[in-house]
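*Asks:*
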Amino acid sequence: MSGEFNLIEKYFENRQANRDDVVLSLGDDCALVKAPNDMEIAISTDTLVAGTHFLKSANPAWVAHKALASNISDLAAMGATPAWLSFALTMPEPNEEWLAPFCDAFFELANQYGIQLIGGDTTKGPLSLTLTVQGLVPSGLALKRSGASVGDTVWVSGYLGHAHAGLDVVLDDQHASKPNAQTLERLHYLSEPRVSLGEALRGLASSAIDISDGVASDLRHILKRSKVGASIDVSKLPISDELISFVGSESKAQQYALVSGEEYELCFTVPNDKLALFESKTESLNVPVTCIGELTDGDQLELHNNGQALEWRLSGYDHFKGNQ
Ligand code: ADP
Ligand code: MG
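Okay, here's the thing in structure tokens:
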């Protein structure tokens, strides 16, 4: 892209203090980093495309937060501590009015989580953001989707359903006058990756995943990989009063909570013999965690409301089309 070098220098270089383990950052053909011997490196890539994952007209600071938070959330789901980041940016033309607020928010969040931008690529084309994040986790302690057993309890962090309600507001002005619409719209973009929770779950959780497609759908990945079923009590789902007022009823809010994608909360399982230690470790974190059910024999996800079986047909989450 013409002006690429100026852009990189102006917006991406020297925005962060060097981590001790970064030997060489932006400016050469590759970055160089050093990993401690007793750690494994967790690596994940995600792309956000304008028009698919966010509207072109969306607040650039919110888009930056969403792009980085959703990537850091993958590290949190593995129990990894964020370390390094590469960023491939494609944009139609060098748009400084967009880039300035984007980068301010991007580096604010990166600094909050101690993750350093070490390289990337800048190209011309339809607006799209690809991030590769890398984190460190003590060898053998990464949280995987496999490893859960029958009888383990199923937990989620935070409150569920906000991201989907926020998407309603983003996509259709008609929802803007409903109670809490603006708060929910913000929450759609401004999720908080659960890094400290992921770190605390090392050695305690038998499996974990972050909620990007809705807890019902993401939990199914754990069930498949761990070869178990699950029984979930929808009356235990963590649902805010704001969501209930927005959607109009508790049962509707529960359905939102089950299918809401892009929440970036964690869903994880804890064996019964680790529950006491888990509760004492998570108490001090200031992150709400809620038990919503347990793992069962078989391979099905069964829903009930306080013991009463439910036959809800939950559809999958399709990014900017929302739930169908
Ligand atoms: P190359 O031709 O080797 O791909 P580039 O000209 O694309 O190099 O990039 C020059 C330097 O700037 C490299 O160190 C690269 O990692 C960095 N860089 C380019 N674009 C970005 C970006 N969007 N974010 C962070 N670093 C970038
Ligand atoms: Mg390049």
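If you want the working numbering, it's the 1-based position in the sequence shown plus 207. Positions of the beta carbon are idealized from the N, C-alpha and C atoms, including for glycine. Bear in mind the structure is a predicted one, so any value in this text is a computation, not a measurement.
1) Taking just the CA atoms, how far does E300 sit from Q461?
2) Pull up the distance between the alpha-carbon of A317 and that of A257, whole angstroms please.
3) To which residues does DSSP link Q341 through a beta bridge?
4) For D328, is the beta carbon positioned less than 8 Å from some heavy atom of ligand 1?
5) Among V344, S467, P289, A268, which has the Cα closest to the Cα of C310?
6) Identify the residues that DSSP records as bridge partners of L508: which are they?
7) Taking the straight line between their C-alpha atoms, what separation do you get for P203 and A265?
8) Kindly list the residues whose CB is nearer than 8 Å to the CB of K528, restricted to its own chain and excluding five residues on each side of it in sequence; keep chain order.
9) With distances taken from CA atoms, which of L343, D359, S364, K263 is nearest L336?
10) Please name the residue, chosen from L521, L233, F313, K217, that lies closest to D420 on a Cα-to-Cα basis.
11) Tell me the start and end of each unbroken alpha helix (DSSP H) in the stretch 273 to 326 that is at least 4 residues and wholly inside, in chain order.
12) For the alpha helix (DSSP H) that E449 lies in, which residues bound it at each end?
13) Give the C-beta separation of L350 and G373 to the nearest angstrom, bearing in mind that I take them to be a contact with Cβ-Cβ under 8 Å.
14) In chain order, what residues of the same chain lie with their CB nearer than 6 Å to the CB of C474, ignoring the 5 residues before and after it?
15) Tell me whether G373 sits in a helix, a strand or coil according to DSSP, three-state version.
16) Helix, strand or coil, according to DSSP, for D417 in the structure here?
17) Are there 16 or more other CB atoms within 10 angstroms of the CB of N513, so buried, or fewer, so exposed?
18) Do you know how far the Cα of M246 is from the Cα of E216?
19) If we count the other Cβ atoms within 10 Å of its Cβ and call it buried at 16 or more, is Q341 buried or exposed?
20) What's the gap between the Cα of S433 and the Cα of D504?
21) Considering only heavy atoms of ligand 1, does any lie closer than 8 Å to the CB of F590?
22) The alpha helix (DSSP H) spanning L391 covers which residue range?
23) Per DSSP, what kind of secondary structure is F527 in: helix, strand or coil?
24) Answer with buried or exposed for A224, where buried requires no fewer than 16 other C-beta atoms within 10 angstroms of its C-beta.
25) Can you tell me the Cα-Cα spacing of L292 and K331, whole angstroms?
26) Bridge partners for G500 per DSSP, in chain order?
27) Is A287 buried or exposed, if buried means 16 or more other CB atoms sit within 10 Å of its CB?
28) Here's the rule I'm using: 16 or more other beta-carbon atoms within 10 Å means buried, otherwise exposed. How should A242 be labelled?
29) Any heavy atom of ligand 1 within a distance shorter than 8 Å of the CB on F314?
30) Ligand 1 heavy atoms versus the CB of A234: any closer than 8 Å?
31) Applying the 10 Å Cβ sphere with the 16-neighbour rule, what's the burial state of I279?
32) Ligand 1 and S335: does any heavy atom of the ligand fall closer than 8 Å to the residue's C-beta?
33) Would you call the stretch 463 to 470 in contact with the stretch 381 to 390, where contact means no fewer than 3 C-beta pairs closer than 8 Å?
34) Report, in whole angstroms, the separation of the C-beta atoms of A276 and P400, which I expect to be a contact under 8 Å.
*Replies:* Straight from the coordinates:
1) Position 254 of the sequence shown, counting from 1, holds the residue named residue 461. Position 93 of the sequence shown, counting from 1, holds the residue named residue 300. Taking the straight line from one Cα to the other gives about 43 Å.
2) Reading the sequence shown from its first residue, position 110 is the one you call residue 317. Reading the sequence shown from its first residue, position 50 is the one you call residue 257. Spanning the two alpha carbons is a distance of roughly 21 Å.
3) Position 134 of the sequence shown, counting from 1, holds the residue named residue 341. Looking at the DSSP assignment, Q341 forms a beta bridge with I250, W291.
4) Residue 328 sits at position 121 when you count from the first residue of the sequence shown. Yes, the Cβ of D328 comes within 8 Å of a heavy atom of ligand 1.
5) Residue 310 sits at position 103 when you count from the first residue of the sequence shown. Checking every option, the nearest Cα to that of C310 belongs to A268.
6) Position 301 of the sequence shown, counting from 1, holds the residue named residue 508. According to DSSP, L508 bridges with A437.
7) Residue coverage of the chain in this structure runs from 208 to 531, which leaves residue 203 outside it and unanswerable.
8) Counting from one through the sequence shown, the residue named residue 528 turns up at place 321. With a pLDDT of 45 at K528, under the threshold of 50, the modelled position of that residue is not reliable, and the figure given next carries that caveat. Taken in chain order, the list of residues that qualify is empty.
9) The residue given as residue 336 occupies position 129 in the sequence shown. Checked all of L343, D359, S364, K263; the closest Cα to L336 is K263.
10) Against the sequence shown, residue 420 aligns to sequence position 213. When each option's Cα is compared against that of D420, the closest is L521.
11) 303 to 319
12) Against the sequence shown, residue 449 aligns to sequence position 242. From DSSP, the alpha helix (DSSP H) with E449 extends over 448 to 454.
13) Walking along the sequence shown from the start, residue 350 turns up at place 143. Walking along the sequence shown from the start, residue 373 turns up at place 166. 27 Å between Cβ atoms; not a contact.
14) Start at 1 with the first residue of the sequence shown, and residue 474 comes out as number 267. V363, I416, I418, V422, D425, L426.
15) The sequence position of residue 373 within the sequence shown is 166, counting from 1. G373: helix per DSSP, three-state reduction.
16) Within the sequence shown, residue 417 is the residue found at index 210, counting from 1. Looking at D417 - three-state DSSP - the assignment turns out to be strand.
17) Residue mapping note: residue 513 aligns to position 306 of the sequence shown, counting from 1. Note on N513: under 16 other CB atoms within 10 angstroms of its CB, so exposed under the neighbour-count rule.
18) Walking along the sequence shown from the start, residue 216 turns up at place 9. Walking along the sequence shown from the start, residue 246 turns up at place 39. Straight across, the Cα-Cα distance linking E216 with M246 is about 32 Å.
19) As a position in the sequence shown, residue 341 is number 134, starting the count at 1. The residue is buried, with at least 16 neighbouring Cβ atoms inside 10 Å.
20) By one-based count along the sequence shown, residue 433 stands at place 226. By one-based count along the sequence shown, residue 504 stands at place 297. For S433 and D504, the distance between alpha carbons rounds to 11 Å.
21) Nothing about residue 590 can be read from this structure; the chain reaches only from 208 to 531.
22) Taking the sequence shown and counting its residues from 1, one reaches residue 391 at position 184. Note, L391: alpha helix (DSSP H), 388 to 396.
23) The residue given as residue 527 occupies position 320 in the sequence shown. With a pLDDT of only 47 at F527, under 50, the local geometry of the prediction cannot be trusted, and the value read off the model is given with reservation. Helix at F527.
24) Residue mapping note: residue 224 aligns to position 17 of the sequence shown, counting from 1. Burial call: exposed.
25) Numbered from its first residue, the sequence shown carries residue 292 at position 85. Numbered from its first residue, the sequence shown carries residue 331 at position 124. Whole-angstrom Cα-Cα distance: 21 Å.
26) For the purposes of this step, residue 500 is identified with residue 293 of the sequence shown, where counting begins at 1. Paired residue(s): V361, I439.
27) Within the sequence shown, residue 287 is the residue found at index 80, counting from 1. Buried, because 16 or more other Cβ atoms sit within 10 Å of the Cβ of A287.
28) As a first step, residue 242 must be located in the sequence shown, where it is residue number 35. With fewer than 16 other Cβ atoms within 10 Å, it is exposed.
29) Position 107 of the sequence shown, counted from the first residue, corresponds to residue 314. Flag unset: Cβ of F314 not near ligand 1.
30) The residue you call residue 234 lines up with position 27 of the sequence shown. At residue 234 the sequence reads Gly, which differs from the Ala that was named. Relative to ligand 1, the nearest heavy atom lies less than 8 Å away from the CB of G234.
31) Walking along the sequence shown from the start, residue 279 turns up at place 72. It counts as buried.
32) Sequence index remark: in the sequence shown, residue 335 carries index 128 (1-based). Remark: the shortest separation between the CB of S335 and any heavy atom of ligand 1 does not fall under 8 Å.
33) no
34) Along the sequence shown, one-based indexing puts residue 276 at 69. Along the sequence shown, one-based indexing puts residue 400 at 193. About 5 Å; that satisfies the 8 Å criterion.
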